[in-house]
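Only one structure is covered here, and it is reproduced in the block below.
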Amino acid sequence: MIEVRNISKTYQMGKIEVKALQGVSLKIAPGEFVAIMGASGSGKSTLMHILGLLDRPDSGEYLLCGQEVTKLSDEQLAILRNRFVGFIFQQFHLLARATALENTELPLIYAGKKNFKERVREKISEVGLEDRMFHKPNELSGGQQQRIAIARALVNDPLVILADEPTGNLDSKSKEEIIAILEELNRKGKTVVIVTHENEVAVHAKRIIMMKDGVVISDKNNSSALSAGDAPNGQEICEAVAMPGH
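Residue numbers (the numbering used here): 18 to 263.
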C-alpha cells in the first residue's frame, strides 16, 4: 500500500545543511502495525511527514496504492491526505472553543461532507467518550483529549493511521489506554504507523524500524507483539478510495 524508494530530504538551517533523510526505502503493507524509532534528529519525524503527505522528498519516489504522489499539486495532496490518512499528534491539536463532537467532525467538514453526525458519534463511542462529546478540551484530561484526537483521525475512515509520539504527553495509565486503542484498531484491519522514542510503546508494534542519521539501520518483525486478525486486501482497499484526478 505504501512504498518509498530511495527518498532523501535536506533542510537548510541558516548556513548548515541538515540531511534529514538519505536514500530511505521501505514498504508498508495493509494491516501492519509499524513503529519507527530513533533518537532526536534521526529522521523519523521527517519520514512520518512525508508518509503523511505533509512534506515532499527532495528526490526519490513515493507510491501510494501504486500511484506516484510526489509530483501532485498541493491541492491534490491535500485531497489525498484527507482521504487516505488519519493523523494523531503528541500535542492533540484540538480547537479550544469547540466541543469534542465538533473537533471530531472537522475532517468531514474539510472534505465537504455534511449530515454525518451519526458517524461522528460512533467514532467518539469507539474511543469510550460518548459521555464527553459535548465537553470542550479544557474539560477533558490529557488521555481523553488524545482519544478525541483518535476519533477525529478515524472519522473519514482512512487507510492508514499515522501517530507521531501519541503518548508523549500522557501519564502511564493514559498511555496504556491509547496503546490499547491503537492495538484494537489494528486488529480490526487498520494500518497503524507510530513514531516513538519509547521502547515500552514500540514493543506493541509488530514491526520495528530503527533510524539513525537519516537512514534505516534495522527493520525487524517483533514476535512478541499481539497477533492481528486477517490482513485486509490491499487492492480492494485502494480501489475503494479514488485518487485525485481519477
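Backbone N, C-alpha and C define an ideal beta-carbon position, used for all residues, glycine too.
Treat the numbers as computed from the prediction; the structure is a model and nothing was measured.
Can you have a look at residue i and say buried or exposed, based on whether 16 or more other CB atoms are within 10 angstroms of its CB?
i	result
Tyr127	exposed
Val220	exposed
Ala197	exposed
Ile210	As written in the sequence, residue 210 is Val, which differs from the Ile given in the question. So Val210 ends up on the buried side.
Ile53	buried
Tyr79	buried
Lys140	buried
Ile33	exposed
Met30	exposed
Asp61	Sequence check: residue 61 is Lys here, not Asp. It counts as buried.
Provide the residue span of the alpha helix (DSSP H) that contains residue i, from first to last.
i	result
Gln162	159-171
Val137	134-143
Could you name the residues of the same chain whose beta carbon sits closer than 7 Å to that of residue i, not counting the 5 residues immediately before and after it, in chain order?
i	result
Glu182	Gln107, Val212, Thr213
Leu111	Asn120, Pro154, Gln162, Ile165, Ala166
Gly75	A small correction: the amino acid at residue 75 is Asp; Gly does not occupy that position in the sequence shown. These residues qualify, in order along the chain: Ser25, Lys26, Thr27.
Pro124	Asn99, Arg169, Val172, Asn173
For the beta strand (DSSP E) containing residue i, name the first residue and the last one.
i	result
Lys44	33-45
Met150	Where Met150 is concerned, there is no enclosing beta strand (DSSP E), given that its DSSP letter is neither H nor E.
Met52	It should be pointed out that residue 52 corresponds to Ala in this sequence rather than to Met. Unbroken beta strand (DSSP E) run through Ala52: 50-54.
Which partner residues of residue i appear in the DSSP bridge assignment?
i	result
Met18	Met18 is not bridged to any residue.
Thr27	Lys36
Leu179	Phe104, Val210
If you drop the 5 nearest sequence neighbours on each side, which residues of the same chain put their C-beta closer than 8 Å to that of residue i?
i	result
Asn23	Gly40, Val41, Ser42, Ser76, Gly77, Glu78
_Threshold first: 3 residues or longer. Then list the beta strand (DSSP E) segments lying entirely within the stretch 66-132, N to C._
Counting only runs of 3+ residues, the beta strand (DSSP E) found wholly inside the stretch 66-132 occupies 76-81, 102-106, in chain order.
*Enumerate, from N- to C-terminal direction, the unbroken beta strand (DSSP E) stretches of 3 or more residues contained entirely within the stretch 188-238.*
208-212, 224-229, 232-238
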